[in-house]
Amino acid sequence: MVKEGHGDEDPCVAPKPDVWYDLKLGSSFRDRHPSSKFCPLGYEFKPTSMDKNRPGYFHKRKKDTMVHMEFQNNQQGKPNVVFQGIVEDYKENGAILLFDGHTFRMEQLHHAVNKLRHVWGVTYCISGTISSITS
Numbered sequence: 002m003v004k005e006g007h008g009d010e011d012p013c014v015a016p017k018p019d020v021w022y023d024l025k026l027g028s029s030f031r032d033r034h035p036s037s038k039f040c041p042l043g044y045e046f047k048p049t050s051m052d053k054n055r056p057g058y059f060h061k062r063k064k065d066t067m068v069h070m071e072f073q074n075n076q077q078g079k080p081n082v083v084f085q086g087i088v089e090d091y092k093e094n095g096a097i098l099l100f101d102g103h104t105f106r107m108e109q110l111h112h113a114v115n116k117l118r119h120v121w122g123v124t125y126c127i128s129g130t131i132s133s134i135t136s
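Number 132 in my numbering belongs to position 131 of the sequence shown; there are no gaps in the numbering.
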């Protein structure tokens, strides 16, 4: 097995088999109060209408654990693609590995977004108001 060096490879490639990479512990393991928190999420399906070329929005309400994620629609004139879920503390020992093309970094998971569902016919705006879409 070979230890991978820092060449000019494309950082978007997956790790190569039979290569030893450096593994660093991220700030979530090292720092008592890390500046970054990591949160896994999963959704039932990803609508094809979700615009992957433009940023979306994430909002966590103050009064409870409800979160909303909103992405622009790639079909002009159609409502945005909205997901709704619940943030909970991550109860298990868990971590995520991040790979930059040369090195792995391990970060601790702090929260999890659970029950993430696609919400039809609703658009949330940045101000927090809800508008229903009527077709």
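Ideal Cβ positions, reconstructed from N, Cα and C, are used throughout, including at glycine. Note that the structure is a prediction, hence the values are computed from the model and not measured.
Hey, quick one: how far does the alpha helix (DSSP H) through residue i stretch, first residue to last?
i, result
"ARG31", "28 to 31"
Residue i by DSSP, collapsed to three states: which one?
i, result
"PHE46", "coil"
"ALA96", "strand"
"ASN75", "coil"
"LYS61", "strand"
"VAL14", "coil"
"HIS119", "strand"
"HIS69", "strand"
Please report the distance separating the alpha-carbon of residue i from that of residue j.
i, j, result
"PHE59", "ASP19", "38 angstroms"
Is it true that the CB of residue j sits closer than 9 angstroms to the CB of residue i?
i, j, result
"VAL82", "PRO48", "yes"
"TYR44", "PHE84", "yes"
"PRO16", "PHE100", "yes"
Considering residue i, what are the terminal residues of the beta strand (DSSP E) in which it resides?
i, result
"PHE84", "82 to 90"
DSSP beta-bridge partners for residue i?
i, result
"HIS112", "ASP90"
"ARG106", "LYS25, LEU99"
Taking only heavy atoms of the ligand SAM into account, decide whether any of them is closer than 8 angstroms to the Cβ of residue i.
i, result
"LEU110", "Absent from the structure shown: the ligand SAM. Ligands present: none."
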